[in-house]
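One structure is given here, and the rest of the page talks about it.
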Amino acid sequence: MKIKTLLAILLLPVATWGQTFTLENEAPANPDNKPLPCHPLPSDRQVKWNETEFYAFFHYGMNTFTNQEWGYGDESESTYAPLGKPDPEQWVTSVKAAGMKGGIAVVKHHDGFCLWPTATTTHNLTNGGGQYHNVNIAEEFAKASKKHEMKYGFYVSPWDRNSAYYGTDDYVTKVFIPQCEELAAYGSDQFEMWFDGANGGDGYYGGARTTRSVDASIYYDIPNLRAKVHKIAPDCVMWGVGDEARWIGNEQGYSANTCWAMGYSETGDMNGWYWHPGESDAKATNSGWFWHSGEGIKSAARLFQMYLETVGRNATLILNCPPDNYGVLPTQTVNTLKELGTMLHERLAVPVYELDESTAATDYAKSAQIEVSEERTGGNYGIANLTDGDRKTYWATDDNTREASITLTWASAPTVRYLVLQEPIELGQRIKDFKIEYTQNGTDWQELAKDITTTVGYKRIIPLNGSTENSYGNGYKVRAMRITILDSRACPLISNINVY
Ligand code: FUL
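Put into C-alpha cells, the structure is as follows:
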C-alpha cells in the first residue's frame, strides 16, 4: 500500500470528527454581508447570453432560391445559385446599425442543405450552381462578426429531410453532432446555437420519400452534444432542444409583462426548478422567415414596440432579417434597420454603430438626487451602484426586507417617458411586484403604468404611459419619481436604473 493511501485511511476518523465539530460554526464567513442567492441561478454562460439582448436571425439558404419556407430535401444542389456574391459582412453591419449586438445565421434548415463545406454530406454549397455558390457562409459570417465586434452563432436544423440516415442513430453520431462540431470550430466565442423545434415528418431522406418521426427529447443525445460543443465554444448557449434558453413561443415579438427566467413560454414560472431564460423570435418582414420576392417590412415604430415587449420584458429579441437571392439584405431592410437604430438611440440611449453618443437619450437618473428606504449594512450596496453603469454592482436591502423604495428627485423637472430597471441576476430573479409614482408639485403622487409593473429580471423597460404601442407621447414632467418594490422572493436588489 502506498504511504499516502495509508495516511488517508489513518486520518479518516479524525477528518470526520473534525467535520462534525465544525458544524457548530456552520454559517460560512461573509465579511461583506453579501445577500444570499435566491435559487435557481443562471450559469455564467447564460448571463453572458442575456447581455446580448437584441440580435438578428438570418434565414438564408436553399429556400431563398425556391420560394419555399420548408424545402422537402430533394432540391438539387445546383438550385443554390446566388445572383451576386453573398455578403455576410453587409448583414452584420446592417443589423449593428439597428442597435443589435449579434446575430445567428441559418446555415442548415430542415431541407438539409449546408452553407459550409461540411464533410458530413455532399448536400452542401460546394456543389451549388452559378458563379457565387462557393462563398463559405459560416466562415464569412463568423469573420465579419468578429471584425465588427458582434456576437454570433448558427442555426443548425436537427431535422434533416435530405439525409438517408435521419431517424437512425447514425444520423446523430455521423451527421448531426459532427455538423455542430464543425460549426463550433468557426469560433470559440460563439454565444448561441439554435436548434429548431420542428423535428421529424415527411421528407426525401435520400430517396426513401417517407415519414420519419423521432422523440426529440432523447434522440439527439443532447448531453453529448452539449459537452462536445462546449468543449470548443464554452459560452455557446444551446437553445431549444439544447434547453439552456427557452422559446417564448408566439413568434410575434412579445413576451408577457410578468416574465420569469424560469419555467416555460411567455410568463415563465416563479417556481421553476432551473434557469431557463426566454428568447423571442420574430420576423422583421411581412411574409415568411426566408426572403420572398416583393415582400414588405414592418415599420421601425412596430419593431421598436417589439423591442419594448421583449428586451423590455426580461426576454431577448432575435429579429429575422432575411438576405435575398443576391445574398444581401435588401435596401428597404437596411433603411428600416437604420431608422430603428436611431429610435433606440434617441429614446433609450442604446449604443448604435456610427451614431454619436451626444445624440443619445439623456439618462436623467444620473442627475437625480436619490433616496432609498434603506441601505444594506456592510459591503458595497449603496445607491451609487444604481447609476454607475455597472450591472455587476447593486443596491441591496437587508435580508428580511420585502418592501423597499427608491425616490429620485430633480431640481430641473425633466420630461421623461421610460424607466429601465435591472436586477443582478447572478443572485437570482427576485422582484415580484412594484409600482411607480411621480409628483409634479412635491405633494400629490400619481401612479404610472399601473398593472404592468410586476417582475424585473435581467432588464425591464417600462413605458411610463403604460403603452408599448404609443410609448413616446408627450412624456411626464416630473419633480420626483418613486419606485416602490411591493414584494420579492428574497430581499430586493437593483443593479441599474435609467430614466429617459
Ligand atoms: C420554425 C421553423 O420551422 C421555421 O422554418 C423557422 O426556422 C423558425 C425560426 O422556426 O420552427
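Okay, so the sequence shown: first residue is 5 according to my numbering, each after it adds one. The beta carbon of each residue, even a glycine, is placed where N, CA and C say it ideally should be. Because the structure is a prediction, the values reported are computed rather than measured.
Which term fits residue i, buried or exposed, when burial requires 16 or more other beta carbons within 10 angstroms of its beta carbon?
i, result
"N478", "exposed"
"M274", "exposed"
"E283", "buried"
"Q450", "exposed"
"I498", "buried"
"P41", "exposed"
"A123", "exposed"
"E248", "buried"
"P355", "exposed"
"G383", "exposed"
"N389", "buried"
"A222", "Reading off the sequence, residue 222 comes out as Ile, not Ala. So I222 ends up on the exposed side."
"W264", "buried"
"H43", "exposed"
"A494", "buried"
"W277", "exposed"
"A400", "buried"
"G316", "buried"
"D491", "exposed"
"G157", "buried"
"S149", "buried"
"Q256", "exposed"
"K463", "buried"
"S217", "exposed"
"D48", "exposed"
"D91", "buried"
"N228", "exposed"
"T472", "buried"
"G191", "buried"
"A19", "Reliability fails at A19, whose pLDDT of 44 lies under 50, so the model's placement of it is uncertain and no value is given."
"F62", "buried"
"E313", "buried"
"N71", "exposed"
"K155", "buried"
So residue i is in the beta strand (DSSP E); what residue range does that whole segment cover?
i, result
"I108", "106-112"
"V51", "Per DSSP, V51 belongs to no beta strand (DSSP E); it is in the alpha helix (DSSP H), 48-55."
"P505", "Residue 505 cannot be examined here, being either before or after the span of the chain that is shown, 5 to 504."
"V424", "422-426"
"F500", "The amino acid at residue 500 is misidentified as Phe; the sequence shows Asn. Element bounds for N500: 500-503."
Following the continuous alpha helix (DSSP H) through residue i, name the residue where it begins and the one where it ends.
i, result
"G345", "335-352"
"A369", "First-last for A369: undefined, no H or E at that position."
"Y311", "304-314"
"Y223", "220-223"
"T97", "92-100"
"I141", "141-151"
"I181", "181-188"
Which residues share a DSSP beta bridge with residue i?
i, result
"P238", "For P238, which the question treats as bridged, DSSP gives no partner whatsoever."
"T413", "Q373, A484"
"E441", "E451, R486"
"T289", "I301"
"I322", "Y59, D285"
"Y159", "V110, W198"
"W243", "W198, A249"
"D128", "One detail in the question is off: residue 128 reads as Asn in this sequence, not Asp. Paired residue(s): C118."
"N329", "N329 is not bridged to any residue."
"D206", "T215"
"A400", "L497"
"I435", "S492"
"Q256", "A286"
Is it the case that the region 79-90 contacts the region 327-341, given that we only count it when at least three CB pairs across the two stretches are under 8 Å? yes
Are at least three pairs of beta-carbons, each pair with one atom in the region 408-424 and one in the region 452-470, less than 8 Å apart? yes
Using 8 Å as the threshold, is the region 365-382 in touch with the region 400-410, meaning 3 or more CB pairs across them? yes
Take every Cβ of the region 46-63, pair it with every Cβ of the region 103-116, and state whether three or more of those distances are shorter than 8 Å. yes
Could you check whether the region 240-251 touches the region 197-209, counting it as contact only if at least three pairs of C-beta atoms, one from each stretch, sit closer than 8 Å? yes
Three or more C-beta pairs below 8 Å linking the region 279-299 and the region 307-323: yes
Across the region 177-186 and the region 112-130, are there enough close Cβ pairs to call them in contact, namely three or more that are closer than 8 Å? yes
Are the region 249-268 and the region 446-465 in contact at 8 Å, needing three or more beta carbon pairs? yes
Does the count of Cβ pairs from the region 330-339 and the region 92-100 closer than 8 Å reach three? yes
Would you call the region 68-86 and the region 204-224 in contact, with 3 or more CB pairs under 8 Å? yes
With a threshold of 8 Å, are at least 3 pairs of Cβ atoms found where one atom belongs to the region 289-296 and the other to the region 304-316? no
Assess, as a yes-or-no matter, whether the region 132-139 is touched by the region 168-182 under the definition of 3 or more beta carbon pairs within less than 8 Å. no
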